[in-house]
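A short worksheet on the structure shown next.
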C-alpha cells in the first residue's frame, strides 16, 4: 500500500447555531467530519491504481516488475489534480501498467488523444496524438501538476 | 562509435513477434472503427527496458509461448520497425533457447518513445489471438 493521502482523514468541526435559532439549538455542536479526498468518478481509478501495485512480477511475460511506488504516487497526484478548476468536464483516463514499472494514463477527446506515461522514477513522458498521428512528445522530469494541467487543457475543445 | 548499430543482416521482410495478453487493456484496445480488438502502444512500450521481440523464422508458436499459456502473439515486419525510425539489434544472450531481437529507438537510451510504440502497434497484426481465462487450467499443464 502506498503511503499517500488516499485514505480518509477524520477531524472535528464546531458548527455555529443558525442565526435566530431557539434556545435549544443555541449551544451549537461539534460535528465529526470525514474528508475523503476523491470524487465519485475517481474512486474506480484509485482502486485500479492500488490493484496495479499488486501485479505479480513478470506480469508482461518480459520480466517486468509491477508499477513502482513512485509511479503509483504520481498517478494519484494526477488523479487528484483532475478536480482542479477547469478540468471538471474532462473524461477520466484509462489507466494501465507499462512494462518496466510504469503506468499509462490515456485520454481521448474527439480527434485528440493524450498519453501520459509515468515512468518508474515518477517522471512523465507525454504524447499528443491528433487524427491518429503522434504530433508531439517529450519527457517532464520532476513534474508538477501545473505542467500536466497544460497538457490536459489541450484535450478540451 | 554509435552505441547501437542496426543489424543489416535482419531482412526487412523478417517477421518479429511480441507476446501480449489479449484480454488485458494494458496491451489491447478496441478499434474505434471496426470494434475489433487491436494491440495498443502498451504492447510495445517499456518504461525502463529496451523492447524485445522474437524472430518468427527462428521459432514456433509453441516454443514462443511455452511458458505463457495465456498469451497471444502480435507480429510486425522489420520494415515497419525501421520505417518508425528504430533499429534492430540482435540479442547476444540466449533467452529461453531463443534468439531475440531488440527494437532500439533512436534516442540515446534506446527505449521506445510513446510515438514509436504507437506506430508499431498501429501496424501490428495478430499472429495468434486467444483468450484464456485466468482461472482455467493451462492447456499444457500436467
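Protein chains in written order, with the working numbering: chain A, 1 to 157; chain B, 1001 to 1142.
Beta carbons: idealized from backbone N, C-alpha and C, even for Gly.
Since we're looking at a predicted model, the values are computed, not measured.
Contact with chain B by residue i, beta-carbon distance below 8 Å
| i | result |
| --- | --- |
| residue 102 (chain A) | yes |
| residue 41 (chain A) | no |
| residue 112 (chain A) | no |
| residue 143 (chain A) | no |
| residue 79 (chain A) | no |
| residue 130 (chain A) | no |
| residue 137 (chain A) | yes |
| residue 98 (chain A) | yes |
| residue 153 (chain A) | no |
| residue 134 (chain A) | yes |
| residue 115 (chain A) | yes |
| residue 127 (chain A) | yes |
Proximal residues to residue i (C-beta, below 7 Å), its chain only, five neighbours per side dropped
| i | result |
| --- | --- |
| residue 1128 (chain B) | 1061, 1072, 1073 |
| residue 111 (chain A) | 130, 131 |
Boundaries (first-last residue) of the beta strand (DSSP E) holding residue i
| i | result |
| --- | --- |
| residue 57 (chain A) | Run containing residue 57 (chain A): none; DSSP gives neither H nor E here. |
| residue 134 (chain A) | 133-140 |
| residue 1103 (chain B) | 1100-1104 |
| residue 1011 (chain B) | Looking at the DSSP string, residue 1011 (chain B) is not in any beta strand (DSSP E), and its letter there is neither H nor E. |
| residue 1054 (chain B) | 1051-1055 |
| residue 125 (chain A) | 124-130 |
| residue 109 (chain A) | 102-109 |
| residue 95 (chain A) | 94-98 |
When the options are compared against residue i, the one with the closest alpha-carbon
| i | options | result |
| --- | --- | --- |
| residue 189 (chain A) | A:59, A:99, A:92, A:54 | Absent from the structure is residue 189 (chain A), since the part of chain A shown begins at 1 and ends at 157. |
| residue 1116 (chain B) | A:122, A:109, A:126 | A:126 |
| residue 119 (chain A) | B:1112, B:1123, B:1120 | B:1112 |
| residue 121 (chain A) | A:105, A:111, A:112, A:100 | A:100 |
| residue 1077 (chain B) | B:1003, B:1004, B:1018, B:1109 | B:1018 |
| residue 80 (chain A) | A:156, A:155, A:157, A:149 | A:149 |
| residue 1005 (chain B) | B:1083, B:1121, B:1087 | B:1087 |
| residue 123 (chain A) | A:62, A:59, A:50, A:103 | A:103 |
Other residues of its chain near residue i: CB distance less than 8 Å, five sequence neighbours each side excluded
| i | result |
| --- | --- |
| residue 1030 (chain B) | 1036, 1037, 1038 |
| residue 1021 (chain B) | 1027, 1028, 1070, 1071, 1072 |
| residue 153 (chain A) | 86, 87 |
Min CB distance residue i to chain A below 8 Å
| i | result |
| --- | --- |
| residue 996 (chain B) | Because chain B in this structure spans residues 1001 to 1142, residue 996 (chain B) falls outside the shown range and cannot be described. |
| residue 1108 (chain B) | no |
| residue 1042 (chain B) | yes |
| residue 1077 (chain B) | no |
| residue 1157 (chain B) | Outside the displayed range of chain B (1001 to 1142) lies residue 1157 (chain B), so it cannot be described from this structure. |
| residue 1139 (chain B) | Legend: pLDDT at residue 1139 (chain B) = 49, less than 50; position of this residue unreliable, no value from coordinates given. |
| residue 1009 (chain B) | no |
| residue 1126 (chain B) | no |
For residue i, the first and last residue of its enclosing alpha helix (DSSP H)
| i | result |
| --- | --- |
| residue 77 (chain A) | 69-81 |
| residue 152 (chain A) | 145-154 |
| residue 1120 (chain B) | 1114-1123 |
| residue 1063 (chain B) | 1061-1064 |
| residue 1083 (chain B) | 1078-1083 |
Residue i: contacting residues in chain C (beta-carbon distance under 8 Å)
| i | result |
| --- | --- |
| residue 119 (chain A) | Considering every chain present, this structure includes no chain C. Its protein chains are A and B. |
Contacts around residue i, its chain only, beta-carbon distance under 6 Å, and the 5 residues preceding and following it disregarded
| i | result |
| --- | --- |
| residue 135 (chain A) | 128 |
| residue 1023 (chain B) | 1131 |
| residue 140 (chain A) | 124, 147 |
| residue 1010 (chain B) | 1078, 1088 |
So if I threshold CB-CB distances at 7 Å, which residues from the segment 1052-1073 of chain B count as touching chain A? 1052, 1068, 1071
Which of the residues in the segment 1018-1038 of chain B, read from start to end, lie with their CB under 7 Å from any CB of chain A? Here the close residues are 1019, 1025, 1026.
Members of the segment 55-74 of chain A that neighbour chain B once the beta carbon cut-off is set at 7 Å: 61, 62
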